[in-house]
Each structure stands twice: as C-alpha cells, then as structure tokens.
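To start, the structure under review is shown below, and the notes come after it.
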Amino acid sequence: MSAPAVVVIVGTSAAGVSAASTLRAEGYDGRLVLLGEEVVPPYDRPLLSKGYLAGTVSENELNLRPESFWTDRDIDLRLGSRVVALHPSEQSVALDDGSSVRADAVIVATGGRSRALPVPGAELDGVVGMRTRADSDALRELSAGAEHAVLVGMGFIGAEVAATLRTLGLAVTIVEPLSTPLERVLGEQIGEVVGELHAEHGVEMIFGDGVIGFDGTNGRVTEVATTSGRRLRADLVVVGIGMVPDTAVVTGTQVAVDNGILVDEHARTSVPNVYAAGDVANHEHPFYRRRLRTEHWTHAVDHGAVAARSVLGRGDPYSAIPRVWSDQYDLALQYAGMHTGWDRLAVRGDLAARDALAFYVRDGIPVAAVALNRNREMRRAMAILRRGEAVDADLLADEAIDLSEFVA
Amino acid sequence: MGLINAGRASEVGPGEIKAFTVAGRELAVANLDGELYAFDNWCTHESCTFSDEGELEDGKLVCTCHFGEFDLSTGEVLGGPPWEPLGVYKLAVEGDNLLIDPKIDDAAAS
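Heads up: the protein sequence lines correspond to chains A and B, in order.
Residue 319 in numbering that gives the first Met the number 0 is what sits at position 320 of the first sequence, and the numbering runs on without skipping anything.
Residue 32 in numbering that gives the first Met the number 0 is what sits at position 33 of the second sequence, and the numbering runs on without skipping anything.
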C-alpha cells in the first residue's frame with residue numbers, strides 16, 4: 000500500500016495533534032494538513048480545569064507543542080479553519096470560507112462539545128461549560144469578581160473545577176443528581192472518599208438534586224433553582240454534565256455514526272480513506288469485544304497514533320486498557336479499566352486516608368481499578384486488568400502480597 | 000565538563016530510581032538489571048519526578064503520574080502525554096563511584 004499524497008486531519012485536538020506527530024514520526028513525507036476550527040494553537044485540555052484556570056500555567060505552557068514543532072515537521076497547521084463537509088469520493092474537504100483542501104486520506108479528530116443543560120436560563124451570561132480554552136478563559140474572567148460559584152454535575156470536570164475554584168477563594172456549591180461525586184465511574188464507596196476530600200476543602204455538595212433553571216438580572220445569572228426547591232446564589236455557573244461527540248463534519252457522507260463515528264480496531268470508518276480518532280470515535284475494542292467511546296485524554300493520544308499508522312497501512316489493533324488521571328487538591332486519582340457493574344470491591348490500603356488502591360471485581364475477574372495517591376502501584380494493577388483472568392479477591396486485597404505476584 | 004563524581008553507585012539498588020544533584024542539575028539514576036542510567040529527574044510533561052513517581056517497566060522508564068513512557072538510553076518518548084524527549088547523561092562506575100557528565104548527551108538522543 001502506498002501512502003496517500005495528502006493527509007488532512009480535522010481537529011487540533013489531542014487526537015489530531017497525536018495523529019500529525021505520529022505520521023511524521025513514522026516517516027510519512029507527503030503533504031500533511033492539520034485543520035483547527037479554533038483560532039488558538041492546539042492546547043493541552045486537561046490543564047484547562049486545573050493549572051490554566053488557576054493562572055499557574057501560562058498560555059505558552061498550555062500549548063501542546065511550540066510553534067517551531069509545526070514548521071520543523073512541515074505540518075501545515077491552519078487555525079480558524081472550520082470544515083463544513085467531507086467529500087471522500089472527490090478526495091477533498093470543504094471549508095467554511097468556501098475553499099476546499101485536497102485530502103487523499105482524512106482523520107476526523109473533532110472531539111466533542113459540552114452537553115448542554117436544557118433548562119430555562121441556560122443562555123444567561125455567567126453560565127459556562129468547561130471544554131475549550133475559551134471556556135476556561137471565560138471562567139477565569141468570571142471568577143475574578145465572583146464570590147459564589149455553582150457547579151452542575153460532579154464528574155471529573157465538576158470535581159476538578161471545584162478544586163481549582165476553591166484554591167481561588169470562591170465559595171463552591173455543586174448540584175449532582177447521583178449520591179456521590181463520580182459515582183457512575185467509581186461507585187458510591189470510592190465516590191464518598193472523593194466527596195470527603197471536597198468537603199474538607201469547604202465545597203458544599205448537594206446530592207440527589209437536579210438543576211431546573213437559572214435566574215438572572217440584566218442577562219446575567221444570579222440564582223440556580225433545583226428540583227427540590229432550593230435556590231442557590233450564583234455569580235457564575237459551570238455546567239459539567241458530559242460531552243457529545245462532534246460528528247457534524249461527516250453529515251451527508253456514508254460514514255456510519257452511532258454515538259460517535261463508528262470505527263474498527265484500526266480507526267477506520269465505514270468509508271475508505273476516512274479515519275476517526277479520540278472522543279469522536281466509537282471504536283471496536285478487541286479486548287472488551289465491544290465498542291467503546293472513550294473520553295480520556297490518554298485514549299485520544301493513543302488512538303490518534305493508531306489512526307496515523309492505519310493511514311500508512313501499519314500498526315496493531317487498538318486495544319489499550321482505558322486509563323485516566325485526575326489531580327484534585329493533593330489527591331492523585333487514577334482509574335483504569337472498564338466496568339459494567341461489579342460485585343466486589345477489593346481494597347488495598349486505607350480509603351479514608353486516601354492511600355489506597357481498589358479493584359472492581361466482577362465474577363472473580365478484576366475489570367477496573369482506582370488508585371488514590373498510588374500511581375506506582377497502579378502500573379501493576381493495570382497489568383492485572385490486562386490479563387483479564389480471575390483472581391482471588393481476598394488475596395488481591397491483602398497488602399502483604401505485592402501486586403506483581405499476580406502477573407508473575 | 001566531563002565525568003564528575005555524583006555519589007555512590009551502590010545507593011541505587013536493582014529496579015530503583017534515585018535522585019542525585021550533579022553540578023546543580025537534578026538528575027535521576029536508574030538501575031535496570033544491574034545497568035545504571037542517568038537522566039533528568041523531572042518528567043518533560045508536568046511536575047513529577049522519576050525518583051518519586053518513576054517505575055521501570057519492561058525495560059522502559061515510566062512516569063506513573065500521567066502515564067508517560069521513555070526510552071532509558073535515549074530519552075525518546077515511547078508513549079503517553081509527554082512529547083519532548085528526556086535529557087539523558089553519560090554515566091560511568093568506577094569502584095563504587097558514580098560518575099556522571101552533567102551535560103545532556105545529545106549523541107545518545109540522536
């Protein structure tokens with residue numbers, strides 16, 4: 000298979016940048032175009048809710064690559080270029096300014112958009128999401144003069160934004176429909192540990208309640224109304240209730256879409272020469288024998304690389320164990336694996352002291368793990384998850400036994 | 000500058016990564032199966048040190064904070080968030096003396 004003459008990557012996301020970097024690292028010497036809808040250079044999204052929001056990470060440090068990276072590698076980075084349509088049969092993509100770009104292969108890495116909260120007042124000033132650099136800039140500006148922040152949803156985004164806003168001195172109230180932070184991923188028992196951490200830092204958490212609307216004065220939010228009848232004072236609101244894959248560019252093509260762009264284990268879509276990677280892709284996962292649409296940053300980077308190799312007709316099927324980190328206050332939280340429920344939580348260490356590693360065990364098989372300030376031990380836990388074999392959960396929970404013994 | 004004495008080689012046991020300050024630079028030395036390697040102690044991604052968060056895994060250097068992976072000898076990024084290669088340094092052992100050249104070994108990286 001000969002390499003395509005022109006590869007176009009749509010989206011300056013972590014996946015898109017990884018794809019571009021990998022193509023050059025793999026020796027691709029054709030024309031390489033990276034199209035970004037935003038006018039700012041590709042940035043490191045995880046920092047938006049943490050260091051960049053806190054003001055401790057500069058614009059330069061936020062950039063995924065220095066400017067020289069693109070010129071050194073002859074990558075045609077075009078910012079402010081929104082792709083409006085793919086024309087795979089004509090080997091081109093159409094831009095919003097009416098022009099088109101030749102594309103013998105296309106990698107779609109458009110990521111997603113913040114899920115909107117469909118309630119009255121959601122359009123008021125002061126109600127923001129947390130996905131783009133513009134979101135983080137807006138929130139930083141809002142937080143400067145604000146006292147009370149209300150966060151909607153306490154997943155990773157809500158929890159991280161809460162931690163950062165607390166360090167900036169704002170009073171933070173979170174409204175979360177479930178009964179603990181991060182309950183969907185981590186379950187109640189670990190979720191409570193995370194909740195305790197936030198409580199210690201003065202975050203007010205309201206669980207089992209939902210937001211039904213926002214009120215404002217002069218177009219600016221002042222109050223949040225909840226299902227249970229609470230009215231919360233809000234100088235600003237951050238909505239963190241997930242994202243929706245941005246599949247707009249493949250509308251009108253034969254590229255199959257179902258909760259993201261459907262791709263195989265080599266990031267190939269249903270249309271030849273069209274690939275998709277990162278948050279936007281719903282990918283076959285050989286290890287789990289099902290499709291996954293993973294929203295982790297690590298996945299975006301790995302998957303972008305897979306798409307790049309696939310364009311060149313190379314690479315192994317993608318079957319990485321999902322993994323994510325989340326730094327909140329002095330807690331380094333890591334989660335790896337994937338569960339669809341579990342019947343046993345095998346805990347090593349002290350959950351209350353936030354020095355622990357726990358396995359989610361289903362039918363005797365460890366399917367996921369969470370580490371609280373145990374990054375190093377997580378490496379061994381990941382090796383156990385990768386084996387996918389039944390393990391005695393009592394032994395797994397026994398700190399006297401080194402985890403490496405389970406993979407020896 | 001050439002090789003200068005950085006400490007004792009026996010301080011770094013098999014599988015361990017220890018921090019050393021050499022000519023004002025904070026370096027780390029890893030012992031992989033008896034072979035010693037010197038490199039910058041700070042991961043090129045974000046605020047983590049190998050002496051605290053590093054692991055040797057399948058012959059690779061791993062920053063366990065955010066899953067970065069490096070080649071021990073060349074500093075090349077093998078996986079994860081970092082993209083900048085890690086600075087690596089020439090190292091020699093004489094008796095128990097750990098000798099390190101505190102100038103980045105560009106030859107190893109290329």
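Don't be surprised by glycine CBs; every beta carbon is placed ideally from N, CA and C.
- Closest by C-alpha distance to A/V237, out of A/V210, A/V256 and A/N217, is A/V210.
- Rounded to the nearest whole angstrom, the CA to CA distance from A/S91 to A/R77 is 16 Å.
- For the stretch 292-308 of chain A, residues whose beta-carbon sits nearer than 9 Å to a beta-carbon of chain B comprise W296, T297, V300, D301 and A304.
- Near chain A, meaning a CB-to-CB distance below 7 Å, the residues of the stretch 40-72 of chain B are E52, E54, E56, V61, T63, C64, H65 and F66.
- Apart from sequence neighbours up to five positions away, the residues of its chain that approach B/A91 with a beta-carbon distance below 7 Å are L2 and L98, ordered along the chain.
- If you ignore the 5 residues before and after A/A351, its C-beta comes within less than 8 Å of the C-beta of V192 and E195, all in its own chain and listed in chain order.
- Legend: CB atoms of the stretch 315-348 of chain A lying less than 9 Å from CB atoms of chain B belong to residues R322, W324, D326, A331 and Q333.
- Beta-carbon to beta-carbon, A/V369 and A/L185 are separated by about 6 Å, close enough to satisfy the 8 Å threshold.
- As a beta-bridge residue in DSSP terms, A/F206 pairs with A/E175.
- For A/R375, the chain B residues whose C-beta falls within less than 7 Å of its own C-beta are E52, E54 and T63, listed in chain order.
- In the three-state scheme derived from DSSP, where H, G and I count as helix and E and B as strand, B/G14 is classed as coil.
- Excluding five sequence positions before and after A/D103, the CB atoms of its chain that fall closer than 6 Å to its own CB belong to P3, A4, V5 and Q90, given in chain order.
- Among the residues facing chain B, A/R72 is not included, as its CB has no counterpart in that chain under 7 Å away.
- For B/E75 against B/C62, the beta-carbon gap comes to about 14 Å, at or over 8 Å, which does not count as contact.
- By the Cβ rule, the stretch 146-161 of chain A does not count as touching the stretch 304-320 of chain A, because fewer than three pairs are nearer than 8 Å.
- For the options B/N30, B/G79, B/A107 and B/G94, the alpha carbon positioned closest to that of B/G86 is the one of B/A107.
- When Cβ-Cβ separations below 7 Å define contact, A/R132 makes no contact with chain B.
- An exposed status is given to A/Q253, since fewer than 16 other beta-carbon atoms sit within 10 Å of its beta-carbon.
- A/A121 and A/T221 have their C-alpha atoms roughly 12 Å apart.
- The stretch 42-50 of chain A makes no contact with the stretch 69-88 of chain A; the number of CB pairs closer than 8 Å stays below 3.
- Take A/R386, set aside five residues on each side of it, and the residues of its chain with a beta-carbon closer than 7 Å to its own are V406, in chain order.
- Here A/T163 is near A/A53, since their CB atoms are less than 7 Å apart.
- Residues of chain A with a Cβ closer than 9 Å to the Cβ of B/G1 do not exist, since the nearest Cβ in that chain sits about 31 Å away.
- In this structure, B/D95 lies near B/R7, with their beta-carbon atoms less than 7 Å apart.
- Taking 8 Å as the Cβ-Cβ cut-off, the stretch 18-32 of chain A approaches chain B at S20, given in chain order.
- Contact between the stretch 226-241 of chain A and the stretch 249-264 of chain A is not established, with fewer than three Cβ pairs separated by less than 8 Å.
- Each residue's CA atom was taken as its position, placing A/V100 and A/G10 some 14 Å apart.
- Here the stretch 272-287 of chain A makes contact with the stretch 299-306 of chain A; the two share three or more CB pairs at distances below 8 Å.
- Looking from the CA of A/T250, the closest CA among A/L61, A/V56, A/V7 and A/A93 belongs to A/A93.
- By the neighbour-count criterion, in which a residue is buried when 16 or more other Cβ atoms sit within 10 angstroms of its Cβ, B/K102 is exposed.
- Rounded to whole angstroms, the separation of the alpha carbons of A/P119 and A/M377 is 43 Å.
- If you look at A/M337, you'll find it isn't in any alpha helix (DSSP H); DSSP assigns it neither H nor E.
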